[in-house]
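In full-length UniProt numbering, the protein residues as written are 1 to 285.
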């Protein structure tokens, strides 16, 4: 049994005609009769007396009609409450695929909280395939990543670029293979950028944690290539050093913001604010 079945049952009971309801509902009489039969079969009763003049409710049919009215009204109330909940939504779910995005939002949240003081924010790191599915199925509201998601229901905005920088605890390095190399595993795919630059035998650590890499750099002579956004504070404070080598190319990657085109107006206001401020942040990196 489904809600449409109860709606058809209610209409046939009121009009006392299967043909009239079938015509009004744009379905065949046989399909409508099958819907009514399923209700009777599931409940184990005969709900209608059928004749050439139309249909009449049996005593059991009267009981079904009484409850079908309640079921339909409860379902309509459910839809109404869900719609109201959507309109009053005050939580933004953000999913990221590149680690640099995890360093962007802590800088934005104080501003967001001032402008949207009744909003809360959930931030999680996911894979590209998971984020695509979550966006399409309304599990998350926006995503930040280094890859543009192409779908007619989605809108992807290019926010700008971030640089990949060589980082070590010392800037007195002449060759990238002079020290053990620490490889960050991220959607940015740093491995593809260094495959012709770094000796594979020199890579002693592969990890998806920036924290693990920076801690290693501070305790052991080594070198790495990281998104500048991830180590901006450490570089500014002199905790870590940016290594500039003449034979090492300038490398950057894109950052995109993606959301569903049918997002609620208040969500779109949040998105516009986030877009504007991340663009400013990237311009000043």
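We treat Cβ as the ideally placed atom computed from N, Cα and C, and that holds for glycine.
Asked	Found
Within this structure, are the beta carbons of residue 176 and residue 213 separated by less than 8 Å?	no
Going by other Cβ atoms of all chains shown within 10 Å of its Cβ, with 16 needed for buried, is residue 48 buried or exposed?	buried
Apart from the five residues just before and just after residue 57, which ones in its own chain have a Cβ nearer than 7 Å to its Cβ?	13, 47, 48, 65
What would DSSP say about residue 206, mapped onto helix, strand or coil?	strand
Looking only at DSSP bridge pairs, what is residue 243 linked to?	166
Could you please give me the residues that DSSP links to residue 161 through a beta bridge?	254
So, helix, strand or coil for residue 181, using DSSP?	strand
Kindly indicate which residue of 126, 129, 110 has the alpha-carbon position closest to the one of residue 120.	110
Rounding to the nearest angstrom, what Cα-Cα distance links residue 294 and residue 257 in this structure?	Only positions 1 to 285 of the chain appear in the structure, and residue 294 is not among them; the question remains open.
Just checking my contact of residue 35 with residue 8 at CB under 8 Å: how many whole Å lie between their CB atoms?	5 Å
Using only alpha-carbon positions, find the residue among 197, 282, 204, 196 that is nearest to residue 227.	282
Rounded to a whole number of angstroms, what is the C-alpha to C-alpha distance between residue 131 and residue 96?	8 Å
So, residue 32 versus residue 24, is the Cβ gap smaller than 8 Å?	no
What span of residues does the alpha helix (DSSP H) with residue 313 cover, start to end?	Residue 313 is absent from the structure shown; the chain starts at 1 and stops at 285.
What are the partner residues of residue 95, as DSSP defines its beta bridges?	124, 143
For residue 10, which residues from the same chain have a beta carbon less than 6 Å from its beta carbon, with the 5 sequence-adjacent residues on both sides left out?	68
For the stretch 121-129 against the stretch 99-113, are there 3 or more C-beta pairs whose distance is under 8 Å?	yes
Mapping DSSP to helix, strand and coil, what is residue 149?	coil
Figure out for me which residue from 101, 207, 140, 235 has the closest Cα to the Cα of residue 169.	235
Please report the residue range of the beta strand (DSSP E) in which residue 227 lies.	223-227
Consult DSSP for residue 55 and reduce its assignment to one of helix, strand or coil.	strand
Nearest-angstrom Cα distance between residue 117 and residue 271?	15 Å
Output needed for residue 229: all residues of its chain with C-beta closer than 7 Å, excluding positions within five of it in sequence on either side, in chain order.	100, 103, 104, 162, 285
In this structure, how does DSSP classify residue 48 when only helix, strand and coil are distinguished?	strand
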